[in-house]
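Chemist: Following this message is one structure expressed as structure tokens.
Protein chains: 2
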Amino acid sequence: MDQKIQTKSGRPKLDDAGRKLLAAARRRIVEGGLASLSARGLAAEAGCSVGTLYNNFRDLNGVIRQVNIATTRRLETALEDSLSRLPRDAGQTARLTAMASVYLDFAMDNPNLWNALFEFRPKQLDDQRLPEMREAMLTRMMEAGAHGTDPTTDQDRVALRMLWASVHGVVSLVVNDFIPGADRETARAYVNLVVSSGVAGYRTLLREERT
Amino acid sequence: MDQKIQTKSGRPKLDDAGRKLLAAARRRIVEGGLASLSARGLAAEAGCSVGTLYNNFRDLNGVIRQVNIATTRRLETALEDSLSRLPRDAGQTARLTAMASVYLDFAMDNPNLWNALFEFRPKQLDDQRLPEMREAMLTRMMEAGAHGTDPTTDQDRVALRMLWASVHGVVSLVVNDFIPGADRETARAYVNLVVSSGVAGYRTLLREERT
Numbered sequence: 004m005d006q007k008i009q010t011k012s013g014r015p016k017l018d019d020a021g022r023k024l025l026a027a028a029r030r031r032i033v034e035g036g037l038a039s040l041s042a043r044g045l046a047a048e049a050g051c052s053v054g055t056l057y058n059n060f061r062d063l064n065g066v067i068r069q070v071n072i073a074t075t076r077r078l079e080t081a082l083e084d085s086l087s088r089l090p091r092d093a094g095q096t097a098r099l100t101a102m103a104s105v106y107l108d109f110a111m112d113n114p115n116l117w118n119a120l121f122e123f124r125p126k127q128l129d130d131q132r133l134p135e136m137r138e139a140m141l142t143r144m145m146e147a148g149a150h151g152t153d154p155t156t157d158q159d160r161v162a163l164r165m166l167w168a169s170v171h172g173v174v175s176l177v178v179n180d181f182i183p184g185a186d187r188e189t190a191r192a193y194v195n196l197v198v199s200s201g202v203a204g205y206r207t208l209l210r211e212e213r214t
Numbered sequence: 004m005d006q007k008i009q010t011k012s013g014r015p016k017l018d019d020a021g022r023k024l025l026a027a028a029r030r031r032i033v034e035g036g037l038a039s040l041s042a043r044g045l046a047a048e049a050g051c052s053v054g055t056l057y058n059n060f061r062d063l064n065g066v067i068r069q070v071n072i073a074t075t076r077r078l079e080t081a082l083e084d085s086l087s088r089l090p091r092d093a094g095q096t097a098r099l100t101a102m103a104s105v106y107l108d109f110a111m112d113n114p115n116l117w118n119a120l121f122e123f124r125p126k127q128l129d130d131q132r133l134p135e136m137r138e139a140m141l142t143r144m145m146e147a148g149a150h151g152t153d154p155t156t157d158q159d160r161v162a163l164r165m166l167w168a169s170v171h172g173v174v175s176l177v178v179n180d181f182i183p184g185a186d187r188e189t190a191r192a193y194v195n196l197v198v199s200s201g202v203a204g205y206r207t208l209l210r211e212e213r214t
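Sequences listed follow chains A and B, in order. The first sequence begins at 4 in the numbering used here and counts up one residue at a time. The second sequence begins at 4 in the numbering used here and counts up one residue at a time.
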């Protein structure tokens, strides 16, 4: 019975101490980022032993993984909500702009949780749950961005992924203060520029290719 | 005489142990990233006391800062070299593509050193040397990207900065394995797409604005 029971959601069944550990890890990440986590510190904060942490999560990476899964879920919900608030006939740029704006807000509202999604890079990924969730979210965003009636070739999918990567770059630099003087509304204007010039540029390139 | 003598380059005058500490820090970052650094570990590796580290660099952040300054210089040199290899009449897209390609190669060749540039985010920045170097490098890249004869309005500068942020996003996701199956040449195609669609898109937006 060493094997932990995994629920369908990929969340291990946690005992009471496990839930406390998870809450403590989230709190620590919110306050001080990934670097402020240690198995010993978490156990102390949750009032249990380090052994209990290992029993519930196998190792510290297991705790971080669960925090990141929860963060990814919240981000996904925020993105879905932004799409559902749009009028049915909203065009591609409107859809992509809405999603990019939510991505920016989520990162600015939860800087350390958001950073943890990208700074958590264990050398060996013990399970594929997180990458799969991320890919599923991206696929869903790309479908929404492609907007049904638009062509969805492999080329389009690459372009949409690059648009996300571009927005991600701006958001990441803004959130971590690498763009001087970028408050939220300036950052939103930046992200909007990246989306609209990216969409316009890709369309231009496709036209040029066809002629 | 508590104050360290700073050379014009912002490099503190290091004694022999200081140079050993700096080399050890660089080696550790190359091998295991920022997270693998500790004052104690560095001192042990350099064969000196933690006090000697504090005397030379004030604290661990001081060591990381010096490693990052050296990395930024190398990156800047690589970018300048790529520009000097271009024909004199190379256009804007060619210049930006060349710089983006060098940025990608630098990050892929030095993943941990490059990550350290962006993961080093001390709460209080004791000196502005690194941000100033980064801004100077960016300004130089933007001038080269604007290509002299092109208009260089504030709007252009924002667009060029966003183009860098976009390329940075792709590079950062590729280097840290967040884009499945992106080997170097695939990544280069991605970066080229971001540059060419970004340039084409920005030109389209400007034209639309004028009409």
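We treat Cβ as the ideally placed atom computed from N, Cα and C, and that holds for glycine.
Among residues of its own chain, excluding the 5 on either side of THR10/B, which ones have a beta-carbon nearer than 8 Å to its beta-carbon?
Modeler: Since pLDDT at THR10/B reaches only 47, below the 50 mark, its modelled position is unreliable, and the value read off the structure follows with that caveat. Counting only Cβ-Cβ distances below 8 Å, and skipping sequence neighbours, we find LYS16.
Chemist: Taking the alpha carbon of LEU128/A as the point to measure from, which residue in ARG98/A, GLU79/A, ASN64/A has its own alpha carbon closest?
Modeler: The shortest C-alpha separation from LEU128/A is found at ASN64/A.
Chemist: Do LEU120/B and THR74/B have their beta-carbon atoms positioned less than 7 Å apart in this structure?
Modeler: Yes, these two residues count as a Cβ contact at 7 Å.
Chemist: With DSSP as the reference, label GLN69/A as helix, strand or coil.
Modeler: Three-state result, GLN69/A: helix.
Chemist: Helix, strand or coil for PHE121/A? Go by DSSP, reduced to three states.
Modeler: DSSP places PHE121/A in helix when its eight states are reduced to three.
Chemist: If you drop the 5 nearest sequence neighbours on each side, which residues of the same chain put their C-beta closer than 7 Å to that of GLU122/A?
Modeler: Contacts found: LEU37.
Chemist: Near LYS23/A, which residues of its chain fall below 6 Å by C-beta distance, leaving aside the five closest residues on each side in sequence?
Modeler: Taken in chain order, the residues that qualify are ALA49.
Chemist: Using a Cβ-Cβ distance under 7 Å, would LEU176/B count as near chain A?
Modeler: With 7 Å as the cut-off, LEU176/B counts as an interface residue toward chain A.
Chemist: Report yes if the C-beta distance between MET111/B and MET144/B is below 7 Å; otherwise report no.
Modeler: Result no, Cβ atoms of MET111/B and MET144/B do not sit closer than 7 Å.
Chemist: Is DSSP giving ILE32/B helix, strand or coil here?
Modeler: In the structure shown, ILE32/B sits in a helix (DSSP, three-state: H, G or I).
Chemist: Check whether the region 199-206 of chain A and the region 156-173 of chain A are in contact - that is, three or more C-beta pairs closer than 8 Å.
Modeler: Segments in contact, yes.
Chemist: Taking C-beta pairs closer than 7 Å, name the residues in chain B that GLY165/A reaches, listed in chain order.
Modeler: In the sequence as presented, Gly is not what sits at residue 165/A; that position holds Met. Under the 7 Å cutoff, chain B gives VAL173, TYR193, LEU196, VAL197.
Chemist: Anyone know if the C-beta pair for ARG194/A and SER169/A falls short of 7 Å?
Modeler: In the sequence on display, residue 194/A carries Val and not Arg. The answer is no: Cβ separation not under 7 Å.
Chemist: Using a 10 Å radius around the Cβ and a threshold of 16 neighbouring Cβ atoms, would you call GLN69/B buried or exposed?
Modeler: Counting Cβ neighbours within 10 Å, GLN69/B comes out buried, since at least 16 surround it.
Chemist: Short of 6 Å in beta carbon distance, which residues of its chain neighbour GLN86/B, apart from the five on each side in sequence? Order them along the chain.
Modeler: Note on identity: in this sequence residue 86/B is Leu, with Gln being the wrong assignment. If we look at LEU86/B and ignore the five residues flanking it on each side, its Cβ neighbours are ALA147.
Chemist: What's the gap between the Cα of THR189/A and the Cα of VAL174/A?
Modeler: Looking at the two C-alpha atoms, the distance is approximately 11 Å.
Chemist: For PHE109/A, which residues in chain B fall below 9 Å Cβ to Cβ?
Modeler: Result: empty, since nearest Cβ-Cβ is about 16 Å, beyond 9 Å.
Chemist: Is there a Cβ from chain B that is less than 7 Å from the Cβ of GLY148/A?
Modeler: It does not: the Cβ of GLY148/A has no partner Cβ on chain B nearer than 7 Å.
Chemist: For a contact meaning CB atoms closer than 7 Å, what does LEU208/B contact in chain A?
Modeler: The answer, in chain order, is SER199, SER200, ALA203.
Chemist: With distances taken from CA atoms, which of THR100/B, ALA93/B, ARG210/B, LEU116/B is nearest VAL33/B?
Modeler: Checked all of THR100/B, ALA93/B, ARG210/B, LEU116/B; the closest Cα to VAL33/B is LEU116/B.
Chemist: Pull up the distance between the alpha-carbon of LEU107/B and that of VAL177/B, whole angstroms please.
Modeler: Cα to Cα, LEU107/B sits roughly 9 Å from VAL177/B.
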